[in-house]
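The opening residue of the sequence shown carries number 273 in the numbering used here; numbering runs sequentially from there.
Backbone N, C-alpha and C define an ideal beta-carbon position, used for all residues, glycine too.
First the structure, in the form of structure tokens, and then the observations on it.
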Amino acid sequence: MEITLKAPLDMHLHLRDGDMLRLTAPLSAAHFAGAVVMPNLVPPVKDLASLSSYAERVQIATDGVTKNHEFACYMTLFFRAYSATELETVRAQRNFFGIKLYPAGITTNSAEGLVDWTAAEPTLKCMEELGIPLLVHGESHGFVMDRESEFLPIYRRLAESYPKLSICMEHITTAGAVKLLGEYENLCATITLHHLLLTLDDVIGGSMHPHLFCKPIAKRAEDRDALLEAALRGNPRVMFGSDSAPHPRHAKECCGCAAGVFTAPIALPCLATLFARHGALDHLQEFVSGNACRRYGLTPPAREVVLRDEPMCVPASYRGYGQTVVPMYAGEEIPWRVVKNW
Ligand code: NCD
Ligand code: ZN
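Written as structure tokens, this is what we have:
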């Protein structure tokens, strides 16, 4: 069996900078027509100059990966209080996509995130007026399994207070989040590959698996099943966002393991496997591109990626530029592979 995907997009991707960027960006560019690039560098991307120079570095790292094909970098700014002039200027910037809001300290490199919601109001209002999408890491600082559920009232408040603001609930992990999506037109969501596959049992139920540890943490089977249903049944409000988050091997295989699952090079084969297993391959195109293009009016570079149900062995690690990163399913065989990407 084969499936051809047109312009697959990764709507939530961490590419880092420097050597890690050089190692990981080509792996995404090999399979995807474009990606929404997260701003949680150290220091974060929070002004126009750093957005432009980061976009350039991403472009250089992905140039020439596939002949004649551009990789569209949809760049994001890290949320802070921005003036109307700053927002107008950045909106006019080629490559600019939206603003990512992290509650302070909620995840990797988010120390400079939001502390005071009241102080955020003028910026949110202005983003609404200018049509700038807001992307949100929606977790509270509560008990780890309840963090997303505790954040849902904040999504609700945002959706009601700024009815014209496009709000993306990033990497949702709960049945409650899927349900909330249906209540407000201005909400959409990204879903990762790993949250479609895993529950907390896979992470810590047997031996502890650092390469499956991420934020938000994988939840219960009924949560995973609600996400699966939304993706497989073609819910138009959900989009694929891998949240592929590379950390050097030594930062994962240690005490105090960093949060993040590296999935970029296996994402499309694993999605094809999953959708095929559920007889839902006809909804994969919408999930990996169509829904996002419609929602945001994107016109990604024309690009076709062909997948076939032929097994591939996932490398034990990806190495280069002095970096080593371990992917999800390292060393295992997965049933589908990419056979053409042009
Ligand atoms: C991400 C990272 O490493 O940057 N980590 C993660 O566990 N997902 C940040 C994030 O998206 O939360
Ligand atoms: Zn992320």
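Roughly how many angstroms separate the alpha carbons of residue i and residue j, rounded to a whole number?
i: GLU442; j: PRO425; result: 15 Å
i: GLY336; j: LEU299; result: 12 Å
i: ARG567; j: ALA279; result: 15 Å
i: LEU495; j: LEU472; result: The residue asked about is misnamed: residue 495 is Asp in this sequence, not Leu. One C-alpha to the other measures close to 11 Å.
i: ALA588; j: PHE343; result: 26 Å
i: LEU231; j: ALA548; result: This structure cannot settle anything about residue 231, because the visible part of the chain is limited to 273 through 614.
i: PRO405; j: PHE369; result: 7 Å
i: HIS409; j: VAL309; result: 14 Å
i: TYR590; j: THR596; result: 6 Å
i: PRO572; j: VAL314; result: 28 Å
i: CYS440; j: GLU604; result: 33 Å
i: VAL610; j: MET283; result: 19 Å
i: ARG505; j: LEU499; result: 10 Å
i: PHE351; j: GLY377; result: 13 Å
i: THR276; j: ALA391; result: 46 Å
i: GLU328; j: MET347; result: 10 Å
i: ARG492; j: THR379; result: 20 Å
i: MET399; j: LEU437; result: 7 Å
i: GLY414; j: SER421; result: 10 Å
i: PRO394; j: ILE463; result: 29 Å
At which residues does the beta strand (DSSP E) containing residue i begin and terminate?
i: GLN331; result: Counting along the chain, GLN331 falls outside any beta strand (DSSP E), though it belongs to the alpha helix (DSSP H) covering 320-334.
i: CYS526; result: No beta strand (DSSP E) contains CYS526, which DSSP labels as neither H nor E.
i: ASP282; result: 281-285
i: LYS487; result: It is not in any beta strand (DSSP E) - LYS487 carries neither H nor E in the DSSP assignment.
i: ILE275; result: 274-278
i: GLU400; result: Taken as a continuous stretch (DSSP letters only), GLU400 belongs to no beta strand (DSSP E), being part of the alpha helix (DSSP H) at 389-402.
i: ALA307; result: 306-309
i: PHE512; result: 510-512
Which residue from the options puts its Cα closest to that of residue i?
i: ASP474; options: ARG575, MET600 and VAL308; result: MET600
i: LEU349; options: PRO311, ILE444 and LEU499; result: PRO311
i: PRO541; options: LYS491, PRO316, SER355 and ASN613; result: ASN613
i: GLY403; options: GLY603, LEU468, PRO573 and ALA356; result: ALA356
i: GLU274; options: PRO405, ALA544 and ALA503; result: ALA544
i: ALA431; options: ARG352, THR446, HIS409 and GLU457; result: GLU457
i: THR502; options: PRO394, HIS467 and VAL533; result: According to the sequence provided, residue 502 is Ala. The question's Thr does not apply to it. The option with the nearest alpha carbon to ALA502 is HIS467.
i: VAL615; options: HIS284, THR296, THR276 and ASP291; result: Absent from the structure is residue 615, since the part of the chain shown begins at 273 and ends at 614.
i: VAL533; options: HIS550, SER514 and PHE547; result: SER514
i: TRP389; options: PHE423, GLY603 and THR535; result: PHE423
i: CYS585; options: TYR593, ALA564 and PRO607; result: PRO607
i: ALA333; options: ARG288, GLU411 and HIS481; result: ARG288
i: LEU252; options: THR446, PRO435 and LEU465; result: The requested residue 252 is not part of the displayed model; the chain covers only 273 to 614.
i: GLU455; options: ARG428, LEU277 and LEU281; result: ARG428
i: ALA383; options: THR535, ALA552, GLN365 and VAL317; result: VAL317
i: HIS286; options: TYR326, ALA321, THR276 and GLU393; result: TYR326
i: PRO537; options: ARG329, ASP581, PHE304 and LEU293; result: PHE304
i: ASP633; options: LEU465, SER322 and HIS341; result: No information on residue 633 is available, as it lies outside the stretch 273 to 614 that the chain covers here.
i: LEU570; options: ALA307, MET292 and ALA301; result: ALA307
i: ALA321; options: GLN365, PRO583, LYS397 and ALA353; result: GLN365
For the alpha helix (DSSP H) that residue i lies in, which residues bound it at each end?
i: LYS372; result: Here LYS372 belongs to no alpha helix (DSSP H); instead the beta strand (DSSP E) covers 368-373.
i: ASN381; result: Counting along the chain, ASN381 falls outside any alpha helix (DSSP H), and DSSP gives it neither H nor E.
i: MET292; result: 290-303
i: TYR568; result: 563-568
i: ALA344; result: Segment 344-350 is the beta strand (DSSP E) holding ALA344; no alpha helix (DSSP H) there.
i: VAL450; result: 447-453
i: PHE423; result: 419-433
i: ARG549; result: 539-549
i: ALA502; result: 493-504
i: LEU465; result: 465-469
i: VAL362; result: 356-363
With DSSP as the reference, please indicate the residues paired to residue i in a beta bridge.
i: TYR590; result: VAL597
i: CYS440; result: LEU407 and CYS460
i: LYS612; result: VAL578
i: MET480; result: For MET480, which the question treats as bridged, DSSP gives no partner whatsoever.
i: GLU605; result: CYS585
i: VAL533; result: SER516
i: LEU386; result: PRO375
If you pair each beta-carbon of the stretch 373-380 with each one of the stretch 354-364, do three or more pairs fall below 8 Å? no
Quiz item: If we count Cβ pairs, one from each stretch, closer than 8 Å, do we get three or more for the stretch 552-559 versus the stretch 476-493?
Solution: no
**OP:** Evaluate the contact criterion for the stretch 499-515 versus the stretch 445-464: three or more CB pairs, one atom per stretch, below 8 Å.
**Re:** yes
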